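Enquirer: Protein chains in written order, with the working numbering: chain A, 1352 to 1514; chain B, 5 to 576.
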Amino acid sequence: MRRIISVLLENESGALSRVVGLFSQRNYNIETLTVAPTEDETLSRLTVTTTGSDRVIEQITKQLNKLVEVVKLVDLTEGPHIERELMLIKLKATGSQRAEIKRTVDIFRGQIVDVTSSVYTVQLAGASDKLDGFVQAIGTSGVLEVVRSGVSGIARGEKVLSL
Amino acid sequence: MELLSGADMLIRSLQDQGIEYIYGYPGGAALHIYDALFRQDEVKHILVRHEQAAVHMADGYARATGLPGTVLVTSGPGATNTITGIATAFMDSIPMVVLCGQVASTLIGEDAFQETDMMGVSRPVVKHNLSVRHPSEIPEIIRKAYYIASTGRPGPVVVDIPKDMTAPNERFEYAYPKKIKLRSYSPAIRGHAGQIKKAVDMMLAARRPIIYAGGGVILGKASGQLTELVRKLGYPITNTLMGIGCYPASDKQHLGWLGMHGTYEANMAMHHSDLILAVGARFDDRVTNATEKFCPGARIIHIDIDPASISKTIDADVPIVGPVDAVLKEMLALVKDSKEKPDAEALASWWKQIDEWRAFHGMRYETSPDVIKPQEVIEMLHRLTNGDAFVTSDVGQHQMFAAQYYKFDKPNRWINSGGLGTMGFGLPAAMGIKLTHPDDEVLCITGEGSIQMNIQELSTCNQYKLPVKIINLNNQALGMVKQWQDMNYESRHSHSYMESLPDFIKLAEAYGHVGVRIDKKEDLEPKLKEVLAMKDTLVFVDIQVDRFEHVYPMQVARGCMKDMWLSKTERV
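1) So which residues on chain B does A/Gly1372 lean against when the C-beta distance must stay under 9 Å?
2) Give the residues of chain A in contact with B/Pro311, contact being defined as C-beta atoms less than 9 Å apart.
3) Provide the residue(s) that pair with A/Glu1361 in DSSP beta bridges, ordered along the chain.
4) Could you round the C-beta distance between A/Ala1444 and A/Ser1469 to whole angstroms and report it? I think they count as a contact, below 8 Å.
5) Check the C-beta distance from B/Glu67 over to B/Asn416 and give it rounded, since I have them as a contact under 8 Å.
6) Along chain A, which residues have their Cβ under 8 Å away from the Cβ of B/Ile165?
7) Which chain B residues are close to A/Leu1514, counting only those with a beta carbon under 8 Å from its beta carbon?
8) Got a sec, what are the start and stop residues for the beta strand (DSSP E) B/Met5 sits in?
9) Under DSSP, the beta strand (DSSP E) around B/Ile318 begins and ends at which residues?
10) What ranges does the beta strand (DSSP E) occupy inside the region 52–134 of chain B, keeping only unbroken runs of at least 3 residues that lie completely in it?
11) In chain order, what residues of the region 143–172 of chain B put their CB closer than 7 Å to some CB of chain A?
12) Find the residues of chain A that neighbour B/His132, judging by a C-beta separation of less than 7 Å, and give them in chain order.
13) Quick one: which chain B residues come within Cβ less than 8 Å of A/Val1422?
14) Return no unless some Cβ of chain B is closer than 7 Å to the Cβ of A/Gly1446.
15) What in chain A is Cβ-close to B/Lys316, meaning under 7 Å?
16) Would you give the residue range spanned by the beta strand (DSSP E) that B/Phe544 belongs to?
17) What number of angstroms, rounded off, separates the C-alpha of B/Asn466 from the C-alpha of A/Thr1393?
18) Can you give me, in chain order, the residues of the region 1430–1464 of chain A that have a beta carbon less than 7 Å from any beta carbon in chain B?
19) Taking A/Lys1382 and A/Glu1420 to be in contact with their CB atoms under 8 Å, please state how far apart those CB atoms are, rounded to whole angstroms.
20) Please list the terminal residues of the continuous alpha helix (DSSP H) segment that includes B/Asp329.
21) Quick one: which unbroken beta strand (DSSP E) runs of 3-plus residues sit fully inside the region 430–467 of chain B? Chain order, please.
22) What residues from chain B crowd round A/Ser1468, counting only those whose CB sits closer than 8 Å?
23) Tell me, please, whether the region 268–282 of chain B touches the region 373–392 of chain B by the rule of three or more beta-carbon pairs shorter than 8 Å.
24) Which bits of chain B does A/Ala1361 rub up against, with CB to CB less than 8 Å?
25) What is the rounded straight-line gap between the Cα of B/Ser135 and the Cα of B/Asp164?
26) With distances taken between CB atoms, is the gap from B/Asp618 to B/Ser109 smaller than 7 Å?
27) Rounding to the nearest angstrom, what Cα-Cα distance links B/Val77 and B/Ala34 in this structure?
28) Alpha carbon to alpha carbon, how far is B/Val543 from B/Pro213?
29) How many Å lie between B/Val59 and B/Thr92 at the Cα?
30) Closer than 7 Å, CB to CB, is A/Gly1403 near chain B or not?
31) State the DSSP-derived secondary structure class of B/Met24, mapped to helix, strand or coil.
32) Cutting at 6 Å between CB atoms, please list the residues of its own chain near B/Leu431, excluding the five before and the five after it.
33) Where DSSP assigns a beta bridge to B/Ala282, which residues make up the other side?
34) In whole angstroms, give me the CA-to-CA distance for B/Ala330 and B/Asp321.
35) Does DSSP put B/Asn478 in a helix, in a strand, or in coil?
36) Please classify B/Ile193 as buried or exposed, where buried requires at least 16 other C-beta atoms within 10 Å of its C-beta.
Structure, rendered in structure tokens:
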């Protein structure tokens, strides 16, 4: 099952390599990974999406917790949560395609953020499957370049991951 | 406040940490540190002949004393040579601090002479590693390194020290931190009371219980509590290879150790139990055999300081995260206060069954009128040393024979590389122990394969007068490899012969020691007595043993706990 694990990590050099190293050492799978400092600059927030059996996921969270620089973590998929990913996608846009693409972008509530005579660059945010849906709707033949941020997530309601 | 250079701060920190011995080898990036070492005499340095041996020495010291060992090496090859030793300590959760020189911070990343990314290289085999970024951080980093290495589930910690951090001309205020607190690291200090209560209720209601204890009992200094609890309950106990000595082997409740080469009765009792109390053990593959067939009727209580060890390979019904000594103490108090008592009738019939298994097999081997059997050498050593020696081993058949036939009644006496299986571990580990236990008998039980992996340390033994006794069970082959080839590859002995063996007697003499060869059965006892009487001399005893012996029992691959070969021809 797919999981979103959110980690508060000491913002120190080498801390990220420990997390990434752990996944490869123990043969766990990383689907996406995002990391950036938080409002407290001594801490980084890292979000990793992964898949595995319940036993594997339990091991992943335990092994992550064992890393000395991991302060706290939560498996967001255990409760209600919001998940977002940002995509920038460059599309071939000429002739009648231009209007069609614009309509599709509107339906997905994206924005065209850069335009040339033959190319649209589209920005789209949402859950990963929404981004997948957009790429599918456009059709891969028109796609010139895709860049995705990986998933960020946060729990719904009052629950917070902080010190 | 005192002003000290980084190198002086490092050595002062070791003094303030109470470190008596460090093991190491100098080189360019560590020279400021070695100079600081020279200008004091509190911290004693032991110069090895290869950095791997320095780590095993520190490891042997740590296993025998329960205190963290310390290693000092230079950058590059000095650092990378420690990796096997560090991985050995990591697998067996041994507390240790490895101080590595590094090229100057201004050169890092430029492929400088003797530069290796030791932080990156060591990362998968350390509990943690730390890099010095400013000389003034050194006291705190050293304090942190020992704190992390020796608390929670212990393990090795590497400290990477760029050369400019120890420069003699820059001085900073020195103060050694009394306490250290890390917001991201706080090992459990006691188990969950509700879980402990639940576990005790289950233990008292069990009809076929067994205690399965591991190295965590020794690391957690909980042998006393464990022994008291087991005696109070009257239940059978087995332990892992790493747990040897955590409960007296001579006691009748002890079934011997379990797993791949464990006793028949221990493996049978595990398989047929209805309750397993696992204490500081990690259900490793050399214990469980095929996990899906593991102990089908047993419910499992698992006590461990490391949550990640619980339900990793075998699901626990009652997990208890906490230090084993504290948890066992609480369990004992509950057992004493409880109105419930173990079902005497069920327990009597369980013991009857176990005694039948013991009578059916037990530990045994065929003796021969003329060939020396490796097992009898170990039994004789046990007798001649009153079962009280520190015994280190290398890896292979001799290791299994030593563990099977030397009956340890005390913890911290059986010193072996159980997790990583590192050949070359035995001699340096024995040296580390002898250095701090000069009046105790220290035996290194080895084979002609393993001993050659760190044979150069005979020179270190000469320099520091370390009269360990090396017992070389010489079967002229890589015995365990050969055994597997006999059993699984129709005796095709691919590269398992040791051809062109050195004359170990001359070799020992060349290093300034005494060598004794034993090749006749009738010489075994008198010569071993002579060897053990040479208290102040390192003796290399080269014993020609049966070349065709196998280690039994041996679990059948991919079977359950009770599927075993009991000899070359008997399978159950």
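Glycine residues also receive a C-beta, built at the ideal position from the N, C-alpha and C atoms.
Since we're looking at a predicted model, the values are computed, not measured.
Expert: In short, the structure shows the following:
1) Gly124, Arg127 and Pro128
2) Lys1413, Asn1416 and Lys1417
3) A/Leu1394
4) 6 Å
5) It should be pointed out that residue 67 of chain B corresponds to Arg in this sequence rather than to Glu. Rounded, the Cβ-Cβ distance is 6 Å, consistent with contact.
6) The premise fails here: B/Ile165 is roughly 15 Å from chain A at the closest Cβ pair, so nothing lies under 8 Å.
7) Arg187
8) No beta strand (DSSP E) contains B/Met5, which DSSP labels as neither H nor E.
9) Here B/Ile318 belongs to no beta strand (DSSP E), and DSSP marks it neither H nor E.
10) 73–77 and 100–106
11) Ile152
12) Val1419
13) Arg187 and Ser188
14) no
15) Gln1410
16) Val543 to Gln548
17) 51 Å
18) none
19) Looking at the sequence itself, residue 1382 of chain A is Glu, so the reference to Lys does not match. That pair is no contact at about 22 Å.
20) Val328 to Asp341
21) 446–450
22) Near A/Ser1468 there are no residues of chain B at all, since even the closest Cβ is about 44 Å away, more than 8 Å.
23) no
24) The sequence shown places Glu at residue 1361 of chain A, not Ala. Under the 8 Å cutoff, chain B gives Ser188.
25) 5 Å
26) In the structure displayed, chain B extends from 5 to 576; residue 618 of chain B sits before or after that span and is not available.
27) 7 Å
28) 45 Å
29) 9 Å
30) no
31) Looking at the sequence shown, residue 24 of chain B is not Met but Glu. In this structure, B/Glu24 counts as coil in the three-state DSSP scheme.
32) Cys448, Asn458 and Glu461
33) B/Tyr216 and B/His306
34) 20 Å
35) strand
36) exposed
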